[in-house]
């Protein structure tokens, strides 16, 4: 695996959450899938990790849907790639 850039390292750090319920999605996704995404979806991840934990939890658990279509899309991608915390 190639060396991460400073920007990539910062993104991985910002994706770390304080809630285990969110970490089961973010940790395997960032580790196994983030660097393989096209630039537009990496930008969606950057937007997603700026959101507040209560909103993220509601979206990932399916209690609510984000109004931003980019956020809804990337949450779907994360669910497809990681599921309920089980990395493929």
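Numbering (our numbering), first residue to last: 7 to 94.
From the three backbone atoms N, C-alpha and C, an ideal C-beta is built for every residue, glycine too.
For clarity, every value in this text was computed on a predicted model and none was experimentally measured.
Residue i: buried (16+ other C-beta within 10 angstroms of its C-beta) or exposed?
i, result
"residue 21", "buried"
"residue 25", "exposed"
"residue 67", "exposed"
When the Cα of residue i is compared with those of the options, which residue comes out closest?
i, options, result
"residue 42", "89, 76, 10, 59", "10"
"residue 56", "23, 40, 87, 84", "23"
"residue 13", "76, 30, 27, 40", "40"
"residue 15", "52, 77, 44", "52"
Give the straight-line distance between the Cα atoms of residue i and residue j, rounded to the nearest whole angstrom.
i, j, result
"residue 65", "residue 8", "32 Å"
"residue 50", "residue 32", "13 Å"
"residue 47", "residue 60", "22 Å"
"residue 37", "residue 69", "26 Å"
"residue 28", "residue 63", "6 Å"
"residue 71", "residue 35", "20 Å"
Segments of 4+ residues assigned as alpha helix (DSSP H) that fall wholly inside the stretch 45 to 74: 45 to 54, 59 to 66
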